[in-house]
Amino acid sequence: MGKNPFSFIRSSSRKRRSKHKKAAQSPVLLAIGAVASSSTPPPSSINSSGGVVGLVAKAKKKATGARLWMRFDTKGASELVEYDKSTIIQKASLPARDLRILGPIFSQSSTIIAREKAMIVNLEFVKAIVTASEVLILDPLQQEVLQFVDQLRQQFSHKSALKTQGAGTIDASENEMHVSTPITEVMEGLLYELPFEFQVLEIALEVVCSFLDRKVVDLGTDSYPVLDELARNVSTKNLEHVRDEIEHLLDDNEDMAHLYLTRKQVHNLQLEALLRDEFSNTICNHPPRLPRLGSNRSVSLVSHYFDDNNVEDLEMLLEAYFVRLDRMRNKIYL
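Its first residue numbered 32, the sequence shown is counted upward by one per residue in our numbering.
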């Protein structure tokens with residue numbers, strides 16, 4: 032270790048004091064003092080903050096990697112959470128490159144992408160990752176995003192309350208005749224309403240289309256004397272992005288089929304149930320069966336929904352918003 036002027040002064044003063052006390056000190060005490068002084072870290076190493084600062088900086092850097100999300104489940108329960116990229120990738124089973132779609136580079140584009148267990152939605156200010164059981168909303172405290180959050184809360188909190196009231200009125204004997212499995216609950220729910228992921232997508236489209244509609248009205252009012260300028264306005268491009276993305280999905284049945292996350296989840300549950308039955312050697316005595324439904328019409332509805340080539344529900348949903356956006360676009364250009 033390099034010496035500085037202060038270290039010379041300290042060492043020389045110690046030598047002068049030690050000369051006066053040398054005769055009084057025993058060899059044992061001198062040896063103990065030498066060991067103690069050698070084991071004490073030098074002042075410069077204590078005052079040096081390079082290592083500590085490095086650790087603090089690393090911790091801060093790690094903390095800043097997390098972003099604020101709102102987790103929203105099928106029962107209407109929500110919570111604010113901070114997730115980093117690795118947590119999101121693990122929860123939604125997404126490749127890392129897919130998260131770039133929700134980043135600033137693609138902020139001006141509109142995208143709806145299906146993966147095995149999740150749907151990535153990037154529509155204007157709505158940036159979300161939707162699974163069959165929950166939705167993760169990015170930057171949920173932004174003013175525009177709060178409208179989307181409120182709509183979700185109203186939709187699913189109301190339905191959760193209705194289900195709770197309805198559950199208390201089910202007759203016990205009737206309940207025993209039904210197979211109590213997650214597959215049963217999901218399939219019975221699908222007879223009466225869209226799956227969770229499509230309800231979230233519909234609310235996102237409704238909020239974004241209403242936002243764009245208001246902007247078109249405002250722009251039309253403010254810019255009525257100069258319609259040519261209105262047609263070239265950047266907000267028109269945003270409308271075109273959303274419209275083109277919906278049109279792209281409508282043109283590809285395979286892409287729409289991939290968006291049926293609940294259907295894929297139920298298929299996986301059925302496969303797991305079959306494998307468990309085979310393993311326990313009970314498949315011959317107790318073959319797996321679909322839950323007893325009220326009528327042949329109910330059975331046909333289930334078969335219709337679980338047909339992998341059936342995308343009618345989603346197609347109708349998307350077409351409604353495509354027509355709405357097309358009408359807005361025509362209003363601008365006429």
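Cβ atoms here follow ideal geometry from the backbone N, Cα and C, with glycine treated the same way.
Residue range of the alpha helix (DSSP H) that includes residue i
i      : result
LYS122 : 116–123
ASN340 : No alpha helix (DSSP H) contains ASN340, which DSSP labels as neither H nor E.
GLU285 : 284–289
GLU303 : 292–310
DSSP-derived helix/strand/coil call for residue i
i      : result
LYS246 : helix
VAL273 : helix
LYS268 : helix
PHE353 : helix
GLU175 : helix
LEU225 : coil
SER188 : helix
GLN139 : coil
Chain B contact for residue i (CB, 8 angstroms cutoff)
i      : result
VAL239 : Any reference to chain B falls outside this structure, which holds one protein chain only.
N-terminal and C-terminal residue of the beta strand (DSSP E) that residue i is part of
i      : result
VAL366 : Residue 366 is absent from the structure shown; the chain starts at 32 and stops at 365.
ARG131 : Where ARG131 is concerned, there is no enclosing beta strand (DSSP E), given that its DSSP letter is neither H nor E.
THR142 : 142–145
ALA159 : 157–161
Cα-Cα separation between residue i and residue j, rounded to whole angstroms
i      : j      : result
MET359 : THR293 : 32 angstroms
GLU113 : LEU167 : 11 angstroms
ARG98  : LEU302 : 36 angstroms
LEU270 : LEU306 : 48 angstroms
LYS26  : LEU345 : Nothing about residue 26 can be read from this structure; the chain reaches only from 32 to 365.
GLU350 : LEU300 : 31 angstroms
ALA90  : LYS148 : Because the pLDDT of ALA90 is 37, which lies under 50, any placement of that residue in the model is unreliable, and the number read from its coordinates should be weighed accordingly. About 32 angstroms.
ARG131 : ILE151 : 11 angstroms
GLU278 : HIS189 : 32 angstroms
ASN340 : ASN284 : 8 angstroms
ASP115 : LYS122 : 11 angstroms
VAL342 : GLU276 : 17 angstroms
ASP357 : ARG274 : 7 angstroms
GLN426 : THR252 : Residue 426 lies beyond the range of the chain shown here (32 to 365); nothing can be said about it.
ALA145 : ALA108 : 24 angstroms
LEU133 : LYS158 : 6 angstroms
ALA235 : THR162 : 14 angstroms
LEU281 : SER311 : 44 angstroms
Residues that DSSP places opposite residue i in a beta bridge
i      : result
SER109 : PHE103
ILE168 : MET101 and ALA159
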